[in-house]
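Before any comments, here is the structure.
2 protein chains.
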Amino acid sequence: MSFSPFCFTLNSLNANDSTLISAVRSGDARALARAISAVENRAPGWSDLLKALFPHSGRARVIGLTGSPGAGKSTLVDQLARVYRKTKNPHPVSQTARDQFTRNQGGAPADDRYTVGIIAVDPTSPYTGGAILGDRIRMQEHFSDPGIYIRSMATRGSLGGLARTTADVATVLDASGRDVILIETVGVGQDEVDIVRLADITIVILVPGMGDDVQTIKAGIMEIADIFVINKSDHEGAERVEREIRALQSLSIRHDGWTPPIVKTVASEGVGIAELAAAIAQYEAYLQKENRALKKSVENWQERLVEMLRDAMLEKARQQLGDGNVARLAAEIAEHKRDPYTLVEEIAGRKL
Amino acid sequence: MSFSPFCFTLNSLNANDSTLISAVRSGDARALARAISAVENRAPGWSDLLKALFPHSGRARVIGLTGSPGAGKSTLVDQLARVYRKTKNPHPVSQTARDQFTRNQGGAPADDRYTVGIIAVDPTSPYTGGAILGDRIRMQEHFSDPGIYIRSMATRGSLGGLARTTADVATVLDASGRDVILIETVGVGQDEVDIVRLADITIVILVPGMGDDVQTIKAGIMEIADIFVINKSDHEGAERVEREIRALQSLSIRHDGWTPPIVKTVASEGVGIAELAAAIAQYEAYLQKENRALKKSVENWQERLVEMLRDAMLEKARQQLGDGNVARLAAEIAEHKRDPYTLVEEIAGRKL
Chain A
903 MSFSPFCFTL NSLNANDSTL ISAVRSGDAR ALARAISAVE NRAPGWSDLL
953 KALFPHSGRA RVIGLTGSPG AGKSTLVDQL ARVYRKTKNP HPVSQTARDQ
1003 FTRNQGGAPA DDRYTVGIIA VDPTSPYTGG AILGDRIRMQ EHFSDPGIYI
1053 RSMATRGSLG GLARTTADVA TVLDASGRDV ILIETVGVGQ DEVDIVRLAD
1103 ITIVILVPGM GDDVQTIKAG IMEIADIFVI NKSDHEGAER VEREIRALQS
1153 LSIRHDGWTP PIVKTVASEG VGIAELAAAI AQYEAYLQKE NRALKKSVEN
1203 WQERLVEMLR DAMLEKARQQ LGDGNVARLA AEIAEHKRDP YTLVEEIAGR
1253 KL
Chain B
903 MSFSPFCFTL NSLNANDSTL ISAVRSGDAR ALARAISAVE NRAPGWSDLL
953 KALFPHSGRA RVIGLTGSPG AGKSTLVDQL ARVYRKTKNP HPVSQTARDQ
1003 FTRNQGGAPA DDRYTVGIIA VDPTSPYTGG AILGDRIRMQ EHFSDPGIYI
1053 RSMATRGSLG GLARTTADVA TVLDASGRDV ILIETVGVGQ DEVDIVRLAD
1103 ITIVILVPGM GDDVQTIKAG IMEIADIFVI NKSDHEGAER VEREIRALQS
1153 LSIRHDGWTP PIVKTVASEG VGIAELAAAI AQYEAYLQKE NRALKKSVEN
1203 WQERLVEMLR DAMLEKARQQ LGDGNVARLA AEIAEHKRDP YTLVEEIAGR
1253 KL
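Dropping the structure here:
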C-alpha cells in the first residue's frame, strides 16, 4: 500500500488513521488543513482526532492579539510572523517527527527557525459566516514559506462555540509542531475576550485617535492585556494613548504583580516589531518563574472544561428532545400555553 | 395582617408569595425592582417567580435598539419613550389589574397612555461588570413619571447568559403590564445579536462618519434590522449612509418580503421621533398579517428553549463534577496527563 499524505478527505477521518495523525504531526500543510476543517466543522471523527493529537500539544507558545477594527492587527501579526521566521529556535520542538516525515516523503528537512501558525478570527456577520478575502491575499504572500500557516475562522452564530472551536484549532496547530501560534481577533465582545483568554500571552493593540467611546469599550480589554501595543504610533495622539494606559494602570495593580509594558509600533513599516518580540520573550520568561504559566493554564482549563461539558450536555439534551419536539414545544410556549421554566426543569430533571 | 407591597426582600422570594406576584402585575415599581434583581442575580426562587409571571407575559411589544457606542441610542430611546407616554393606548393591557391594585393602595388609577419599560444593556467591562452612572441620571429625569421604568443590566462574563437574563427581565416587565419594552444594546458581538433577536422589532441605529471599518462590522447587524435609523442626520455624510444601506438592501431581499424603512433622526432635538414611532407601528401592523409575529416568536423560542436547556444541563454537570474535581481535572489536563475530550465524553455519557 502506498503511503500518501496528500489524499485525505473529510470522509476518511478516523481515529485509527495514524497516517493523518502523523502527517499532521509532521506539519504537512494539506493534512493540517484537512484536520482543522474537520475540527472547525465538527465533521465525524473530529473528537477522535483531537484525542489523538492532544497529548502532542502544549508545547507551542500561544499569543492572542486583539484590537479594534482598523488597528492594524493583520499587519502586526504578519510582521511578527516574519520576525519569528528569522529567529533561530534554540529548542525546535518537533524537529524529529517533522524531519522523519519529510525524509519519508523525500523532502528537505525543516529549517531551524521558529515556525508560525496564524488563526485569524473573522469579525464579519454571525449570519453569513463567510471566510475573508484578505486571508487568501495573505496566504499567497506567505505561500512560498511553509514555515507560516494561516487559517481564518468565521464567527458563526453557534451557541458560544467560537472560542471553543478556536481553542481546538489551536490544539491541532500546536500538535503539528508550530512553535508560535498567533491568534488575532477583534476585541469587543465576550466571544473575543474568551478567545484571547485561551492564549498564554495577550497583546492588546490600540491606535491613536479612536475617540473616547472606543476607549471606553476597551476598559474591559485593558484587564486582560499582558502587553500593550500602540500601533500607528507615528500618528498624532500616540502620546495621549500612552498616558491614558499609564493612568489606567496606576488605578489597578495586577494580582500577579506584572506591569504590562507599552510597545510603540508602526506595523506597516516594520517599526517596533523587534521590540514587541522582545517584550513577548520577557513576559514569557516571567511566566516560567514560580509556575505561573502552569497556573494560568489550569485556570483556563477550568473554564474550558466546563464549557466543553456544557456543549456535550446540550447535544445530549437536544437529542433527547428531538428536533420535531423542539418546534412543537416552542410553538406552545410562543402561544403562552406552556411555561418554558417548568418545561426545562422537567427535561433536565432538576430545579433551575 | 397588613398588606404592604413595599417590604419585599430578596430573601422573601417565594412562589406562593402571591403578594409579590400581584404587586409586580400591578406595575408597582418597587416590587418590579425586587423581582428583576432576583431574576438577574438568579436569587433563590427566581425560576418560581418566572413560572408564575410567564402566563401573564406576551402582551408587550418588545423593541430592540442596537448601534455603535456614540450612536445616540440612549437619547433615541428616551425620546421614543416620551412619544409613547404621550400616545393614547387603545388597548390598555393590564388596566384592570393595575387599577385594582392601585385602588387597594389608595392611589390614583393608571393613566391611559402607553407605559414603557427600558432595559439598557451596559457595554462596559465583562470583568468589572459595573452598573452605569448614566442610568441613575436618566432615572432621575423620568422619576416623576411612573409610566417609565428604566433598568440597566451589566454585561457580566457569564457563560452566554446575558441574552437569556435580558429575556427573563423582559418577561418580568411584560408581566408587569408595560405596553412597550425598549431594549437598548451596543451592536457588536454575538451576545448583542442574541439580545436584539428576542425582540419583536429590531431597530439598527447608524450615524454618519463612522468610517469604513465600523460599517464593515455592521454587515452582520444589517441582516437583523427591521427598521434603520440614521441618527445625527444633520451631520455631514447622512446621505452617504443612506445610500450605503440602500445599496446593501438591493443586494439581498429578506425572506419575509419586508423592506426595512430608513428613518432619519436628530434624537438630541427630538427630530424624526414621531416618524420612527410611525415606522414601528407600520411594521407592527405588517407582523400581525399572516401570523408573522407568532412565527417569529416560535423561531425565537426554539433557540431560547435550547439555550435554557443548555444552561440547566451545565449546572447539573457542574454539580455532578463538584468544584474541587474541576480544579483537579483542569490541572491534569494543563499538564497534559489527561485529554479533555475523552474526559467530557465519560462525564456526559455520550460521544462528542
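Just so you know, the protein sequences line up as chains A and B, in that order. So the mapping is simple: our numbering equals the position in the first sequence, first residue as 1, plus 902. So the mapping is simple: our numbering equals the position in the second sequence, first residue as 1, plus 902. Even glycine gets a Cβ: it sits at the ideal position worked out from N, Cα and C. All figures in this text were calculated on a predicted structure; none of them were measured in a lab.
- Setting aside the 5 residues that flank it on each side, A:P1048 is surrounded in the same chain by A931, each with a C-beta closer than 7 Å to its C-beta; the list follows chain order.
- In the three-state reduction of the DSSP assignment, B:G1226 falls in the helix class.
- In the assembly as shown, B:K1253 is an exposed residue. Its beta-carbon has fewer than 16 other beta-carbons within 10 Å.
- Cβ neighbours of B:W1160 within its own chain (closer than 8 Å, five residues either side excluded): D1128, Y1185 and Y1188.
- Considering only beta carbons, the part of the region 923-954 of chain B lying closer than 7 Å to chain A consists of S949, L952 and K953, in chain order.
- Counting C-beta pairs with one atom in each stretch, the region 1233-1241 of chain A and the region 1188-1205 of chain B have three or more that are closer than 8 Å, which means they touch.
- Taken in chain order, the members of the region 1220-1234 of chain A whose beta-carbon sits within less than 7 Å of a beta-carbon on chain B are R1220, V1228, A1229, L1231, A1232 and A1233.
- The region 1097-1107 of chain A makes no contact with the region 939-955 of chain A, as fewer than three CB pairs between them are under 8 Å.
- B:W1203 belongs to the set of residues whose beta carbon lies under 8 Å from a beta carbon in chain A.
- Pairwise C-beta distances place the region 1132-1146 of chain B in contact with the region 968-988 of chain B, as three or more of them are shorter than 8 Å.
- A direct Cα-Cα distance of roughly 32 Å separates A:V1200 from B:E1205.
- Taking 8 Å as the cut-off, the beta carbon of B:L955 is found no closer than this to the beta carbon of B:T1067.
- In the DSSP assignment, B:E1086 falls outside any alpha helix (DSSP H) and lies within the beta strand (DSSP E) extending over V1082 to V1088.
- A:A1069 counts as buried, since at least 16 other C-beta atoms from the protein chains shown sit within 10 angstroms of its C-beta.
- DSSP places B:A1022 in the strand class (E or B) of the three-state scheme.
- Look at the region 1237-1254 of chain B: the residues with a C-beta under 8 Å from a C-beta of chain A are E1237, H1238, D1241, P1242, Y1243, T1244, L1245, V1246, E1247, I1249, A1250, G1251, R1252, K1253 and L1254.
- Under the three-state reduction of DSSP, B:S1054 is assigned to strand.
- CA-CA distance, B:R1230 to B:A937, rounds to 38 Å.
- Rounded to the nearest whole angstrom, the CA to CA distance from A:N1227 to A:I1249 is 12 Å.
- When DSSP assignments are scanned along the region 1145-1187 of chain B, the uninterrupted stretches of beta strand (DSSP E) that are 3 or more residues long and fall wholly within it turn out to be 1164-1166.
- Around B:Q981, the same chain offers A1169, G1172 and I1175 as residues with beta carbons nearer than 6 Å, after the five sequence neighbours per side are excluded.
- For the region 1148-1175 of chain B, the set of positions with a beta-carbon nearer than 8 Å to some beta-carbon of chain A is empty.
- Counting along the chain, no beta strand (DSSP E) covers A:R984; the unbroken alpha helix (DSSP H) around it starts and ends at K975 to K988.
- Interface residue (Cβ-Cβ distance to chain A less than 8 Å): B:M1055 is not classified as such.
- The beta carbon of A:R1212 sits closer than 8 Å to some beta carbon of chain B.
- B:K1218 reaches chain A at M1215, A1250, G1251 and R1252, counting residues in chain order whose Cβ is nearer than 9 Å.
- Among the bridge pairs identified by DSSP, A:I1107 is matched with A:G969 and A:V1131.
- B:R961 sits in coil when the DSSP states are folded into three classes, being neither helix nor strand.
- Of the residues A:E1247, A:A1232, A:L967 and A:I1020, the one whose Cα lies closest to the Cα of B:M1215 is A:E1247.
- By the neighbour-count definition (other C-beta atoms within 10 Å, threshold 16), B:K988 is an exposed residue.
- Sequence-ordered contacts of the region 952-979 of chain A with chain B read L952, K953, F956, P957, S959, G960, S970, P971 and G972 [C-beta pairs closer than 8 Å].
- Around B:G1019, the same chain offers Y1051, L1075, R1080 and I1083 as residues with beta carbons nearer than 6 Å, after the five sequence neighbours per side are excluded.
- For B:S1199, the neighbours in chain A by C-beta distance under 7 Å run, in chain order, A1236.
- Here A:G969 really is in contact with A:I1107; their C-beta atoms are around 3 Å apart, less than 8 Å.
- At a cut-off of 8 Å between beta-carbon atoms, A:V1208 makes contact with chain B.
- Here the C-alpha atom of A:I1182 lies approximately 15 Å from the C-alpha atom of A:I1126.
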